[in-house]
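Asks: After the structure tokens below, expect a handful of questions from me.
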Amino acid sequence: MDQDVGANPKAILNILSFSTFYFSDRRSLIGVMAGGIVSPASLLDLISDIVDIPLNAGVFKKDCADLTRRVSLLTHLVEEIRDSTPIDSAASSSSDNDWWSDLVVGVQAAKRLLSTARFQARDSSDGAAKRISFQFQCVTWKLEKALSNLPYDLFDISDEVGEQVELARSQLRRAMQRYGSLNSNNFSSALSEPMDRDGFSNIVKIKAEEKLESVSETLQFAEEEEKQDSPPLRRSSSISLAYYLSKDADTDRLDKMVTKNTDESKKSDKLTIPVDFLCPVSLELMKDPVIVATGQTYERAYIQRWIDCGNLTCPKTQQKLENFTLTPNYVLRSLISRWCTEHNIEQPAGYINGRTKNRGDMSVIRALVQRLSSRSTEDRRNAVSEIRSLSKRSTDNRILIAEAGAIPVLVNLLTSEDVATQENAITCVLNLSIYENNKELIMFAGAVTSIVQVLRAGTMEARENAAATLFSLSLADENKIIIGGSGAIPALVDLLENGTPRGKKDAATALFNLCIYQGNKGRAVRAGIVTALVKMLSDSSSHRMVDEALTILSVLASNLDAKSAIVKANTLPALINILQTDQTRNRENAAAILLSLCKRDTEKLITIGRLGAVVPLMNLSNKGTERGKRKAMSLLELLRKACQ
Numbered sequence: 001m002d003q004d005v006g007a008n009p010k011a012i013l014n015i016l017s018f019s020t021f022y023f024s025d026r027r028s029l030i031g032v033m034a035g036g037i038v039s040p041a042s043l044l045d046l047i048s049d050i051v052d053i054p055l056n057a058g059v060f061k062k063d064c065a066d067l068t069r070r071v072s073l074l075t076h077l078v079e080e081i082r083d084s085t086p087i088d089s090a091a092s093s094s095s096d097n098d099w100w101s102d103l104v105v106g107v108q109a110a111k112r113l114l115s116t117a118r119f120q121a122r123d124s125s126d127g128a129a130k131r132i133s134f135q136f137q138c139v140t141w142k143l144e145k146a147l148s149n150l151p152y153d154l155f156d157i158s159d160e161v162g163e164q165v166e167l168a169r170s171q172l173r174r175a176m177q178r179y180g181s182l183n184s185n186n187f188s189s190a191l192s193e194p195m196d197r198d199g200f201s202n203i204v205k206i207k208a209e210e211k212l213e214s215v216s217e218t219l220q221f222a223e224e225e226e227k228q229d230s231p232p233l234r235r236s237s238s239i240s241l242a243y244y245l246s247k248d249a250d251t252d253r254l255d256k257m258v259t260k261n262t263d264e265s266k267k268s269d270k271l272t273i274p275v276d277f278l279c280p281v282s283l284e285l286m287k288d289p290v291i292v293a294t295g296q297t298y299e300r301a302y303i304q305r306w307i308d309c310g311n312l313t314c315p316k317t318q319q320k321l322e323n324f325t326l327t328p329n330y331v332l333r334s335l336i337s338r339w340c341t342e343h344n345i346e347q348p349a350g351y352i353n354g355r356t357k358n359r360g361d362m363s364v365i366r367a368l369v370q371r372l373s374s375r376s377t378e379d380r381r382n383a384v385s386e387i388r389s390l391s392k393r394s395t396d397n398r399i400l401i402a403e404a405g406a407i408p409v410l411v412n413l414l415t416s417e418d419v420a421t422q423e424n425a426i427t428c429v430l431n432l433s434i435y436e437n438n439k440e441l442i443m444f445a446g447a448v449t450s451i452v453q454v455l456r457a458g459t460m461e462a463r464e465n466a467a468a469t470l471f472s473l474s475l476a477d478e479n480k481i482i483i484g485g486s487g488a489i490p491a492l493v494d495l496l497e498n499g500t501p502r503g504k505k506d507a508a509t510a511l512f513n514l515c516i517y518q519g520n521k522g523r524a525v526r527a528g529i530v531t532a533l534v535k536m537l538s539d540s541s542s543h544r545m546v547d548e549a550l551t552i553l554s555v556l557a558s559n560l561d562a563k564s565a566i567v568k569a570n571t572l573p574a575l576i577n578i579l580q581t582d583q584t585r586n587r588e589n590a591a592a593i594l595l596s597l598c599k600r601d602t603e604k605l606i607t608i609g610r611l612g613a614v615v616p617l618m619n620l621s622n623k624g625t626e627r628g629k630r631k632a633m634s635l636l637e638l639l640r641k642a643c644q
């Protein structure tokens with residue numbers, strides 16, 4: 001049957017006719033939106049109103065300006081949605097419409113918030129400031145959620161507008177890291193309530209209750225850790241807090257510990273420390289609160305210990321940590337400091353500017369940095385080796401090393417003729433770049449040119465770490481442009497083709513991130529990335545990287561030059577083969593690439609039909625994820641129309 005289908009367009013049409021039930025009862029997404037509460041035209045008016053709101057001159061001036069700028073970036077997106085119909089309106093589902101509802105709610109809440117925050121005086125109460133800060137948190141979360149679910153394939157959205165949307169998303173994600181993310185549905189109600197209602201206090205109460213519920217869990221974890229004579233070996237993410245929680249809690253000890261904390265609070269002017277000021281792990285007043293990737297806040301020392309023990313999840317939410325960056329929560333630290341001052345409580349000693357105050361460590365690091373400039377090659381080699389070891393251990397060390405002035409000196413050592421020195425120097429820069437604030441210092445030191453030089457001519461280990469460093473630095477959107485224009489992309493493509501398995505993965509990761517920026521896609525195509533990726537699609541070795549190749553191709557497929565190069569490389573048969581035989585994730589990416597390549601191209605649609613795309617697409621539309629089903633159904637509908 002498969003052979004007949006691949007050879008006969010009429011057979012394709014007959015099979016596709018059986019799948020029309022997927023589409024016959026679906027409504028146009030634009031129709032749904034126009035018939036809802038807010039149409040695209042009305043939303044444009046709302047965005048215009050937000051842009052016209054006078055700037056805040058009080059404590060939330062920066063927050064208001066940032067939010068206004070992010071909302072204004074959505075203007076062209078809504079205009080294109082207003083002026084076009086969905087490419088495949090029949091294939092839209094209720095989940096495709098949810099993003100619009102989230103966007104409308106987020107923009108409405110943004111207007112309400114900006115109008116209120118504008119009148120916030122500098123001498124307002126802490127309670128009022130907290131309420132407004134919480135609203136900024138809610139609006140940011142809602143807008144980011146909406147944009148993350150935007151069904152690009154249902155609209156004729158230009159590359160330029162898509163790039164603006166991604167820029168807005170990246171800015172919202174960074175703002176979420178600063179504010180903290182929201183993981184409970186209870187917070188959603190805050191978006192629909194006026195700023196002066198009592199509902200806010202109820203939400204805060206719910207949030208506090210949720211934190212209190214985690215106390216027994218975190219105490220049990222702390223108890224188990226105390227029983228260990230030495231730090232535990234690195235564990236997999238599945239053997240983390242969930243392992244400890246599976247045991248029976250020592251309720252007697254828990255009660256004693258809670259009672260002890262209560263007694264201590266009574267001794268201190270009979271005050272109860274606000275629950276938000278306590279570390280969920282230690283239940284102690286936080287000295288250096290930091291935010292992890294899930295948006296939860298912990299005491300730096302305790303969460304760093306948790307990570308150093310090999311745990312890959314957030315202790316409270318059990319979500320996988322996408323990265324191990326610890327972002328200082330300056331707002332909470334300021335509130336804790338103010339609270340301690342107001343109640344005559346001595347602030348926890350030992351921390352200055354968000355890090356451990358250890359003059360001994362700092363003096364050692366400064367001595368090492370001075371040795372980096374020694375005339376002795378051996379001395380420089382030993383110093384950079386020690387700094388490499390220190391920079392690998394903790395965030396505190398990365399902060400101290402940067403503050404000791406090591407970054408410019410390390411950048412100079414990237415061009416060292418001594419192989420060991422160069423390898424250790426690039427690894428140091430990589431380790432230091434993990435801390436967000438160091439990225440800017442590395443860029444200011446002019447490191448990119450030297451990193452690219454290492455990528456081109458260093459040892460294989462140095463080239464691998466150079467690629468990983470470029471990926472780390474490119475996480476900041478503005479750095480994607482600088483790195484792309486530095487000549488890094490051809491060097492990364494060369495590593496992708498000729499590197500070790502680890503080097504290829506480092507290169508693929510960096511190239512994927514750089515190609516998110518539209519201007520770098522053409523550079524990658526001219527560097528020959530498509531040829532390298534197509535070879536990877538047919539790789540059958542134990543180190544095959546089909547997943548990575550498909551992911552990069554799916555990003556490139558929105559570029560006209562990339563589309564042409566992909567087709568010229570005879571990629572369609574390889575994509576159909578993956579669609580028929582590979583794992584679900586790869587099949588979905590193959591379908592997404594085919595949809596981008598064949599959209600508005602009847603000849604290519606007929607070609608993939610003859611190659612046997614119909615049956616695997618129908619299987620994917622039945623058994624894939626929501627994304628996979630959507631891509632498959634859109635492509636099936638285009639195939640049906642092409643064969644009519």
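Numbering (full-length UniProt numbering), first residue to last: 1 to 644.
Glycine residues also receive a C-beta, built at the ideal position from the N, C-alpha and C atoms.
These numbers were taken from a predicted model, which means no experiment stands behind them.
Helix, strand or coil, according to DSSP, for GLU284 in the structure here?
Replies: Coil at GLU284, not helix or strand.
Asks: Please state whether the Cβ-Cβ distance between ASN382 and SER391 is less than 8 Å.
Replies: In this structure, SER391 does not lie closer than 8 Å to ASN382 by Cβ.
Asks: Kindly indicate which residue of ALA549, SER115, THR607 and CYS598 has the alpha-carbon position closest to the one of ASN586.
Replies: Comparing Cα positions, the closest option is ALA549.
Asks: Please classify GLU417: does DSSP put it in a helix, a strand, or coil?
Replies: Of the three classes helix, strand and coil, the one that applies to GLU417 here is coil, per DSSP.
Asks: Can you check which of these residues, LEU414, GLU284, ALA508 and GLY612, is closest to ASP494 by C-alpha distance?
Replies: When each option's Cα is compared against that of ASP494, the closest is ALA508.
Asks: Can you have a look at SER337 and say buried or exposed, based on whether 16 or more other CB atoms are within 10 angstroms of its CB?
Replies: SER337 should be labelled exposed.
Asks: What are the boundary residues of the beta strand (DSSP E) that includes PRO289?
Replies: Segment 289 to 291, the beta strand (DSSP E) holding PRO289.
Asks: Are the beta-carbon atoms belonging to ILE576 and ALA613 less than 8 Å from one another?
Replies: Result yes, Cβ atoms of ILE576 and ALA613 sit closer than 8 Å.
Asks: Select from ALA117, LYS61 and GLU163 the residue whose C-alpha is nearest the C-alpha of THR75.
Replies: Per the Cα distances, GLU163.
Asks: Can you round the beta-carbon distance between ALA293 and LEU332 to whole angstroms, since I take them to be within the 8 Å contact cut?
Replies: ALA293 to LEU332, Cβ: 17 Å. No contact.
Asks: Pull up the distance between the alpha-carbon of SER540 and that of ILE47, whole angstroms please.
Replies: Approximately 51 Å, taken between the alpha carbons.
Asks: Measure the alpha-carbon distance for GLY522 versus ASP561 and round it to whole angstroms.
Replies: Distance between the alpha carbons of GLY522 and ASP561: 7 Å.
Asks: Compare the Cα-Cα distances from LYS504 to each of LYS535, PRO573, ASN431 and CYS598 and report the closest residue.
Replies: For LYS504, the nearest C-alpha among the options comes from LYS535.
Asks: Would you decide whether ASN323 is buried or exposed? Buried here means 16 or more other CB atoms lie within 10 Å of its CB.
Replies: Counting Cβ neighbours within 10 Å, ASN323 comes out exposed, since fewer than 16 surround it.
Asks: Here's the rule I'm using: 16 or more other beta-carbon atoms within 10 Å means buried, otherwise exposed. How should GLY199 be labelled?
Replies: Legend: pLDDT at GLY199 = 36, less than 50; position of this residue unreliable, value from coordinates given subsequently. Result: exposed.
Asks: Going by DSSP, name the residue or residues bridged to LEU636.
Replies: In the DSSP output, where bridge partners are listed per residue, LEU636 has none listed.
Asks: State the Cα-Cα distance for the pair ARG174 and ARG640, rounded to the nearest angstrom.
Replies: Their backbone Cα atoms lie some 43 Å apart in a straight line.
Asks: Does PRO40 come out as helix, strand or coil in the three-state DSSP assignment?
Replies: Here PRO40 sits in helix by DSSP.
Asks: From PRO315 to TRP306, what distance separates their C-alpha atoms?
Replies: Those two C-alpha atoms are separated by around 8 Å.
Asks: Tell me the rounded alpha-carbon separation between residue 655 and ASN437.
Replies: Because the chain is modelled from 1 through 644, residue 655 falls outside the range shown and cannot be assessed.
Asks: Could you give the DSSP three-state label for PRO616: helix, strand or coil?
Replies: Looking at PRO616 - three-state DSSP - the assignment turns out to be helix.
Asks: Taking C-beta to C-beta, are ILE482 and VAL530 nearer than 8 Å?
Replies: For ILE482 and VAL530, no; Cβs fall outside 8 Å.
Asks: Could you pull out every residue in the same chain whose Cβ sits closer than 7 Å to the Cβ of GLU497, ignoring the five residues on either side in sequence?
Replies: ALA532.
Asks: At the level of alpha carbons, what is the spacing between GLU284 and LEU278?
Replies: Cα to Cα, the separation comes out at about 5 Å.
Asks: Report yes or no: do three or more beta-carbon pairs, one from the segment 486 to 493 and one from the segment 137 to 147, lie closer than 8 Å?
Replies: The segment 486 to 493, when compared against the segment 137 to 147, does not touch it at the 8 Å Cβ threshold.
Asks: Cβ of CYS598 within 8 Å of Cβ of LEU556?
Replies: Taking 8 Å as the Cβ cut-off, CYS598 and LEU556 do not qualify as a contacting pair.
Asks: Please check if any C-beta of chain C sits within less than 8 Å of the C-beta of SER416.
Replies: Although the question refers to chain C, the structure presented lacks it and comprises just one protein chain.
Asks: For the beta strand (DSSP E) holding THR297, just list the boundary residues, first then last.
Replies: 297 to 299 is the span of the beta strand (DSSP E), which, as asked, contains THR297.
Asks: If THR469 sits next to LEU430, beta carbons under 8 Å apart, how far is it from one beta carbon to the other, in whole angstroms?
Replies: The Cβ separation is near 4 Å, so the contact holds.
Asks: Does the beta-carbon distance from LEU44 to VAL78 come in below 8 Å?
Replies: Yes, these two residues count as a Cβ contact at 8 Å.
Asks: Among VAL275, ALA524 and LEU67, which one has its Cα closest to the Cα of LEU172?
Replies: For the residues VAL275, ALA524 and LEU67, the minimum Cα distance to LEU172 belongs to LEU67.
Asks: Sort out for me which residues DSSP pairs LYS320 with in a bridge.
Replies: DSSP, once it has assigned bridges, lists THR313 as partnering LYS320.
Asks: For PRO328, does the three-state DSSP call read helix, strand or coil?
Replies: Three-state DSSP puts PRO328 in a strand.
Asks: From this set, SER416, TYR298 and THR427, which residue's C-alpha is nearest ILE387's C-alpha?
Replies: Ranking the options by Cα distance to ILE387, first place goes to THR427.
Asks: Measuring CA to CA, which of ASP52, ILE157 and ALA109 is closest to SER596?
Replies: Per the Cα distances, ILE157.
Asks: Can you tell me whether DSSP reads LEU579 as helix, strand or coil?
Replies: Correct three-state label for LEU579: helix.
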